[in-house]
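With the first letter of the sequence shown counted as 1, position 30 gets the number 29 in numbering that gives the first Met the number 0; the numbers rise by one all the way through.
Where a beta carbon is used, it is the ideal one built from N, C-alpha and C, also for glycine.
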Amino acid sequence: MFGNKVIAGYLEGESVRIGNGLVLIGSEAVAKWTVESYEVVSEEKNISLASGLLRGAAGKIILGPWGVLAALTAKKKGAYSIALHWKNGKKSLLETDEKVYKAILKNLF
């Protein structure tokens, strides 16, 4: 899991979490009624090293050299930097994992 926190601006240092179907930063909801707009600043997809190694090792044992190709199917993890523009005029820069990112998109749709 990535930071899931506000790394700059309004509410800096607060954690970003999902609760009762809402994305919360401290006691502030990330929702249509509180956020004016958002922008995905960056998106990274990293292959889980543990997943890749386990799949590769298991594949090599079972299928020989061809089993190493199993490492290519390793689970990918996403990290997102999201800029929120709040209706109160303030701005926040968030760092989230894929689960929180998708919840933010859903709540702001």
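Here's a check: name, in chain order, each residue in its chain whose Cβ is nearer than 6 Å to the Cβ of residue i, leaving out the five neighbours to either side.
{"i": "leucine 93", "result": "Val5, Val15 and Ile81"}
{"i": "glutamate 97", "result": "Gly77"}
{"i": "glutamate 38", "result": "Ala82"}
{"i": "asparagine 87", "result": "none"}
Residue i lies in the alpha helix (DSSP H); which residues open and close that run?
{"i": "lysine 86", "result": "Counting along the chain, lysine 86 falls outside any alpha helix (DSSP H), and DSSP gives it neither H nor E."}
{"i": "alanine 30", "result": "First-last for alanine 30: undefined, no H or E at that position."}
{"i": "leucine 104", "result": "97-107"}
Just to confirm my understanding: we take residue i, look at its own chain, exclude 5 residues before and 5 after, and list those with CB closer than 8 Å. What are they?
{"i": "glutamate 11", "result": "Val5 and Ser91"}
{"i": "valine 29", "result": "Val15, Leu21, Val22, Leu23, Leu83, Ile103, Asn106 and Leu107"}
Taking just the CA atoms, how far does residue j sit from residue i?
{"i": "valine 119", "j": "leucine 83", "result": "Missing from the structure shown is residue 119; the chain here goes from 0 to 108 and no further."}
{"i": "glutamate 152", "j": "serine 36", "result": "Only positions 0 to 108 of the chain appear in the structure, and residue 152 is not among them; the question remains open."}
{"i": "lysine 31", "j": "alanine 7", "result": "21 Å"}
{"i": "glycine 25", "j": "asparagine 19", "result": "14 Å"}
{"i": "valine 34", "j": "valine 99", "result": "16 Å"}
{"i": "threonine 95", "j": "tyrosine 79", "result": "5 Å"}
Please list, in chain order, all residues of the same chain as residue i whose beta carbon is under 7 Å from its beta carbon, the five residues on each side excluded.
{"i": "alanine 102", "result": "Ile17 and Val22"}
{"i": "tyrosine 9", "result": "Trp85, Lys89, Lys90 and Ser91"}
Is it buried or exposed for residue i, if we count other Cβ within 10 angstroms and need 16 for buried?
{"i": "glutamate 27", "result": "buried"}
{"i": "asparagine 3", "result": "buried"}
If I follow the unbroken beta strand (DSSP E) through residue i, where does it start and stop?
{"i": "glycine 18", "result": "15-18"}
{"i": "glycine 8", "result": "4-8"}
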